[in-house]
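Q: Below is a structure I'd like to ask you about.
See below:
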């Protein structure tokens, strides 16, 4: 199941955006919610707190700002950001498939807003309103609201006068049952709200980052938290060297792929195609005909809009190999098949939305990105990939 529609559309004049989510709270989160985190860090050595969280064992690499994330059922990844002075906290999807930031507001009349944290401008001393209306539509839902500016805190960094959206309406059931409050996009500015600077670009322009890049480690294991790294790369999260791939179209984080194969034979993308690295998409998506071929090979049968197969085949099916810039990136059956019941499994491939100019375009979502540590380098318009630890 995919919760967020792939490459959703943000309609604000000519703008585009996307969608795409927490588990048991850590000690750090509980302290933060009680406004006692700083007091605790001052009273006890930093490493004492680090011992309570495996992720925190990494929080020491020079020049890197870390934003911890939580994995929601392998469907989406959530970070906690603060907006306003004093900060009001929100769970947001950290999404490389879009570039806008928005959260619900106290003025929102939809049932979805009643079930989520809402931003109260009256409680922030640094809030500025533009009054400009915005409308954002996704594959699974939409929001309408207005543009505002305020301080945004993420990964210990303070981004002042950041443009963001506040919702007035979030119609439909999707946002009502969504685990996240809002979305923070990390793609190129052309996908953001028109005539505004996205969060990552603002952090760079304000001199808060050591390098003009960010990176993701997405874990499927509850005991190993996921993390967004801002301004640097912590090599303890991956094996070997990073393989760099040029961005083919600097809008999405889009790259040219050579082929998609099984047992050395092309099953899709035989003459080359395009792939988008999107943390806001949970599955692997591609063109209909290519997916029909893959599902036929793995003997997956259609069922209620998805494809099912016998779980016993996980141990016998070969890897599906994505070849990018001459490097093979195997995705094993244990990743492209998900277990639903004792003997019934679902395919993690799904038909994509053909709203882009390319005839064959794939979205490499979290299924792929859990296997490969990813670096998004704006300075050099390239993506780095290496096997994740």
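Residue numbers (UniProt numbering): 1 to 389.
Every residue, glycine too, gets a C-beta built ideally from N, C-alpha and C.
Here the structure is a predicted model, which is why all the values come from computation and not from measurement.
Under the DSSP definition of a beta bridge, which residues are partnered with residue 235?
A: Position 235 of the chain shown, counted from the start, is the residue given in the question as residue 235. Residue 235 pairs with nothing; no bridge assigned.
Q: Please classify residue 281 as buried or exposed, where buried requires at least 16 other C-beta atoms within 10 Å of its C-beta.
A: For the purposes of this step, residue 281 is taken as the residue at position 281 of the chain shown. By the neighbour-count rule (16 or more Cβ atoms within 10 Å), residue 281 is buried.
Q: Measuring alpha carbon to alpha carbon, tell me which of 312, 297, 229 and 339 ends up nearest residue 320.
A: For the purposes of this step, residue 320 is taken as the residue at position 320 of the chain shown. Selected option, being the one with the closest Cα: 297.
Q: When the distance is taken between beta carbons, is residue 155 closer than 7 Å to residue 65?
A: On the chain shown, position 65 is the one that residue 65 refers to. On the chain shown, position 155 is the one that residue 155 refers to. It is a contact, given that the beta carbons lie within the stated cut-off.
Q: Going by DSSP in three states, residue 332 sits in which element: helix, strand or coil?
A: Here the question's residue 332 lines up with position 332 in the chain shown. Here residue 332 sits in coil by DSSP.
Q: Here's a check: name, in chain order, each residue in its chain whose Cβ is nearer than 7 Å to the Cβ of residue 190, leaving out the five neighbours to either side.
A: Taking the first residue of the chain shown as 1, we reach residue 190 at position 190. Closer than 7 Å at Cβ, skipping near neighbours: 251.
Q: For residue 275 and residue 123, what's the separation of their Cα atoms in angstroms?
A: The residue you call residue 275 lines up with position 275 of the chain shown. The residue you call residue 123 lines up with position 123 of the chain shown. Between residue 275 and residue 123, the C-alpha separation is close to 43 Å.
Q: Would you mind reading off the limits of the beta strand (DSSP E) that contains residue 217?
A: Taking the first residue of the chain shown as position 1, residue 217 is located at position 217. Run containing residue 217: 213-217, per the beta strand (DSSP E) assignment.
Q: Among the residues of its own chain, which have a CB less than 6 Å from the CB of residue 188, if the five just before and after it don't count?
A: The residue labelled residue 188 in the question sits at position 188 within the chain shown. Same-chain partners within the cutoff: 250 and 251.
Q: Out of 70, 204 and 104, point me to the one whose CA is closest to residue 377's CA.
A: Mapped onto the chain shown, residue 377 falls at position 377. Cα-wise, what sits closest to residue 377 is 204.
Q: Please check the pair residue 235 and residue 382, which I expect to be a contact at CB under 8 Å, by giving their CB distance rounded to whole angstroms.
A: As a working mapping, residue 235 is identified with position 235 in the chain shown. As a working mapping, residue 382 is identified with position 382 in the chain shown. In fact, because the Cβ distance is near 17 Å, the residues do not count as touching under 8 Å.
Q: Drop a sphere of 10 angstroms on the beta-carbon of residue 141, count the other beta-carbons inside from all chains shown, and report buried for 16 or more, exposed for fewer.
A: Here residue 141 corresponds to residue number 141 of the chain shown, with the count starting at 1. Buried, since its Cβ has 16 or more Cβ neighbours within 10 Å.
Q: Is residue 313 helix, strand or coil by DSSP?
A: Working through the chain shown from its first residue, we reach residue 313 at position 313. Reduced to three states, the DSSP call for residue 313 is helix.
Q: For residue 73, which option in 219, 202 and 119 has the closest C-alpha, if you only look at C-alpha atoms?
A: Locating residue 73 in the chain shown gives position 73, where the first residue counts as 1. For residue 73, the nearest C-alpha among the options comes from 219.
Q: Measure the CB-CB distance between residue 402 and residue 192 and report whether it falls below 7 Å.
A: Nothing can be reported for residue 402, as the shown portion of the chain is limited to 1 through 389.
Q: Work out the CA separation of residue 112 and residue 158 for me, nearest whole Å.
A: Sequence index remark: in the chain shown, residue 158 carries index 158 (1-based). Sequence index remark: in the chain shown, residue 112 carries index 112 (1-based). Answer to the nearest angstrom: the Cα atoms are 28 Å apart.
Q: Note the first and the last residue of the continuous alpha helix (DSSP H) segment covering residue 119.
A: Residue numbering aside, residue 119 sits at position 119 when the chain shown is read from its first letter. Here residue 119 belongs to no alpha helix (DSSP H), and DSSP marks it neither H nor E.
Q: Quick check on residue 362 - is its C-beta less than 7 Å from some C-beta in chain B?
A: Given the protein chain composition of this structure (a single chain), no chain B is represented.
Q: Quick one, are the C-beta atoms of residue 127 and residue 95 less than 7 Å apart?
A: What you label residue 127 is simply residue 127 of the chain shown in a count that begins at 1. What you label residue 95 is simply residue 95 of the chain shown in a count that begins at 1. Cβ atoms of residue 127 and residue 95: not closer than 7 Å.
Q: Return helix, strand or coil for residue 307, following the three-state DSSP convention.
A: Taking the first residue of the chain shown as position 1, residue 307 is located at position 307. Note: residue 307 maps to strand in three-state DSSP.
Q: Going by other Cβ atoms of all chains shown within 10 Å of its Cβ, with 16 needed for buried, is residue 387 buried or exposed?
A: Numbered from 1 along the chain shown, position 387 holds the residue referred to as residue 387. Exposed, because fewer than 16 other Cβ atoms sit within 10 Å of the Cβ of residue 387.
Q: Given a cut-off of 7 Å, decide if residue 346 and residue 291 are closer than it, judged by their beta-carbon atoms.
A: Looking up residue 291 in the chain shown gives position 291. Looking up residue 346 in the chain shown gives position 346. Against a cut-off of 7 Å, the Cβ pair of residue 346 and residue 291 comes out as no contact.
Q: According to DSSP, is residue 367 part of a helix, a strand, or is it coil?
A: Within the chain shown, numbered from 1, the residue matching residue 367 stands at position 367. Reduced to three states, the DSSP call for residue 367 is helix.
Q: Roughly how many whole angstroms lie between the Cα atoms of residue 267 and residue 130?
A: As a working note, residue 267 is residue 267 in the chain shown. As a working note, residue 130 is residue 130 in the chain shown. So the two alpha carbons sit approximately 50 Å from each other.
Q: At which residue ranges does the segment 59-118 contain complete beta strand (DSSP E) runs of 3 or more residues, listed in the order of the chain?
A: DSSP runs (the beta strand (DSSP E)) wholly in the segment 59-118: 65-72, 76-83, 88-95 and 101-104.
Q: Leaving aside the five residues before and after residue 133 along the sequence, list all residues of the same chain whose C-beta is less than 6 Å from its C-beta, in chain order.
A: In the chain shown, the residue the question calls residue 133 occupies position 133. Excluding positions up to five away in sequence, the list reads 146.
Q: Could you name the residues that DSSP lists as bridge partners for residue 243?
A: Locating residue 243 in the chain shown gives position 243, where the first residue counts as 1. Answer is 385.
Q: In angstroms, rounded to a whole number, what distance separates the CA positions of residue 272 and residue 258?
A: Here residue 272 refers to the residue found at position 272 of the chain shown. Here residue 258 refers to the residue found at position 258 of the chain shown. If you take the alpha carbons of residue 272 and residue 258, they lie about 4 Å apart.
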